[in-house]
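Novice:
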Amino acid sequence: MSTRTIKRSLGDSIVQAIIYIICGVAGIVTLVPFLYIIAGSFATERELTERSFFLIPKVFSLNAYQYIIKSGDVFKGLRNSLFVAFVGVGINMFCSCTLAYPLSRPYFKGRNGFITMVIITMLFSGGMVPMYILVANVLHLRNTFWALWLPVAINPFNMIIIKNYFQGLPIELEEASRIDGCNDLQIFIRVILPLSKPVLASVSLFYAVSHWNSYFNAMMYISNRDMEVVQIVLRRIVFQSTAVATESNFDWGNFGLPPTKSIRMATTIMASLPILVLYPFIQKYFTKGVLIGSVKG
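Numbering-wise (this note's numbering), the sequence shown opens with residue 451 and increments by one.
What follows is the structure, encoded as structure tokens:
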């Protein structure tokens, strides 16, 4: 069996080289600022003042991280954020999948009407004040994690991605399952969901990032410091860092007090690290899950 080698023309090679250059430049432009933030979080106040840009600090200092950890609230915030994200993703996926499955079936009566209602919610909303009155005064969910879960139980865009993926699965699989005696719930759990791992993993990460970065809802509905998520804790630490110079009850060693700028960089790293750790494990599902879910159907 012979293999044929495809010869590229000079024009194709030039275009490919240009694409590689553009992708490389885009990667560098994206990566360098993040590397600077990492380096700045380990730098001293003097170095941040004297050097406008660097990727490797001359003097390695952990003062910014020591200041953040010293408050004691950051680990409580991380624990709360992990709990909110984990349970929230479960609620999101349950609501989104159970709504997406019937809307993906062509025989579901009133399907187009329900899809229209979902699309309307993407274009119009009741506003911040009615939402606050509903959550705080009507449902009495202030200072409960339910205030962070129920108002965002379904994201219409993510639900439509899941619906389109379900709709792209062969309808013959469902017909064969019915012949074998399966009902709708059994088909959904045993056939549809196992075949939809790519889109479920991708959308789960979208929901997880949304919950992890949730700041405004937590600021509105949560006033109990024991229930604060990490974003609120880090925000308070950044605001308090302006008074770092007056701190006298902690030994910072030979590096002096941590700079305000370094504390901001350290909080950025701590807020981004969990998602950065999770992302590589789900990245392989992105192309197959999101692309097919948004094109088919």
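Don't be surprised by glycine CBs; every beta carbon is placed ideally from N, CA and C.
As the structure is a computational prediction, the values presented were derived from the model and not from experiment.
When you compare only the Cα positions, how much space is there between residue 683 and residue 674?
Specialist: 12 Å
Novice: Is any non-hydrogen atom of the ligand COA found closer than 7 Å to the C-beta of residue 540, if you look at the structure I gave you?
Specialist: Among the components modelled here there is no ligand, and therefore nothing to report on the ligand COA.
Novice: What are the start and end residues of each continuous alpha helix (DSSP H) run of 4 or more residues lying completely inside the region 496 to 550, in chain order?
Specialist: 513 to 520
Novice: Flag this pair as yes or no: are the beta carbons of residue 568 and residue 612 separated by less than 8 Å?
Specialist: no
Novice: In three-state DSSP terms, what is residue 702?
Specialist: The predicted model places residue 702 with a pLDDT of 49, which falls under 50 and marks its position as unreliable, so this point remains unresolved.
Novice: Cα separation between residue 609 and residue 524?
Specialist: Each residue's Cα considered, the two are about 33 Å apart.
Novice: What whole-angstrom Cβ distance do residue 713 and residue 486 have, given they're in contact under 8 Å?
Specialist: About 15 Å separates the two Cβ atoms, so there is no contact after all.
Novice: Tell me which residue opens and which closes the alpha helix (DSSP H) that residue 675 is part of.
Specialist: Note, residue 675: premise wrong, no alpha helix (DSSP H); not H, not E.
Novice: Are the region 650 to 659 and the region 533 to 542 touching by the rule of at least three beta carbon pairs closer than 8 Å?
Specialist: yes
Novice: Taking residue 668 as the reference, give the member of 687, 527 and 716 with the closest Cα.
Specialist: 527
Novice: Do residue 581 and residue 601 count as a contact pair if the criterion is CB distance below 8 Å?
Specialist: Going by C-beta atoms, residue 601 is nearer than 8 Å to residue 581.
Novice: For the alpha helix (DSSP H) holding residue 648, just list the boundary residues, first then last.
Specialist: 647 to 662
Novice: Just to confirm, is the Cβ distance from residue 688 to residue 717 under 8 Å?
Specialist: yes
Novice: Within the same chain, show all residues whose beta-carbon is closer than 7 Å to that of residue 489, passing over the 5 residues directly before and after it, in chain order.
Specialist: 504, 505, 506 and 507
Novice: Apply the 10 Å Cβ neighbour rule to residue 470 and answer buried if 16 or more other Cβ atoms are within range, or exposed otherwise.
Specialist: Residue 470 sits exposed, since fewer than 16 C-beta atoms from the chains shown fall within 10 Å of its C-beta.
Novice: Label residue 607 either buried or exposed according to how many other C-beta atoms from any shown protein chain fall within 10 Å of its C-beta, with 16 as the threshold for buried.
Specialist: exposed
Novice: Under a Cβ-count criterion, where at least 16 other Cβ atoms within 10 Å of its own Cβ denotes burial, should residue 614 be classed as buried or exposed?
Specialist: Classification of residue 614: buried, given that the 10 Å Cβ count is 16 or more.
Novice: Closest to residue 652 by C-alpha separation, out of 730, 618, 576 and 677, would be which residue?
Specialist: 730
Novice: Between the beta-carbon of residue 530 and the beta-carbon of residue 677, is there less than 8 Å?
Specialist: yes
Novice: Between residue 497 and residue 720, what straight-line distance do the alpha-carbon atoms span, to the nearest angstrom?
Specialist: 21 Å
Novice: Between which two residues does the alpha helix (DSSP H) carrying residue 559 extend?
Specialist: Residue 559 -> no alpha helix (DSSP H), and no H or E assigned at all.
Novice: DSSP three-state label for residue 667, please.
Specialist: Residue 667 sits in a helix when the DSSP states are folded into three classes.
Novice: Go through its chain and collect everything with a Cβ distance to residue 642's Cβ below 7 Å, but skip five positions before and after it.
Specialist: Only 551, 616 and 619 meet the Cβ criterion.
Novice: In terms of alpha-carbon separation, which member of 535, 464 and 632 lies closest to residue 664?
Specialist: 535
Novice: Expressed to the nearest angstrom, what Euclidean distance is found between the alpha-carbon atoms of residue 484 and residue 515?
Specialist: 17 Å
Novice: Using the Cα positions of residue 647 and residue 553, report the straight-line distance between them to the nearest angstrom.
Specialist: The alpha-carbon of residue 647 is positioned some 19 Å away from that of residue 553.
Novice: Do residue 549 and residue 629 have their beta-carbon atoms positioned less than 8 Å apart in this structure?
Specialist: no
Novice: Taking Cβ positions, are residue 622 and residue 637 nearer each other than 8 Å?
Specialist: no
Novice: Is it buried or exposed, residue 558, if we count other Cβ atoms within 10 angstroms and call 16 or more buried?
Specialist: Per the 10 Å Cβ criterion, exposed.
Novice: Could you check where the alpha helix (DSSP H) with residue 483 kicks off and where it finishes?
Specialist: 460 to 491
Novice: Quick check: the Cα distance between residue 479 and residue 458, rounded to an integer number of angstroms?
Specialist: 30 Å
Novice: Given residue 644, which residues of its chain have a CB within under 7 Å of its CB, disregarding the five upstream and five downstream residues?
Specialist: none
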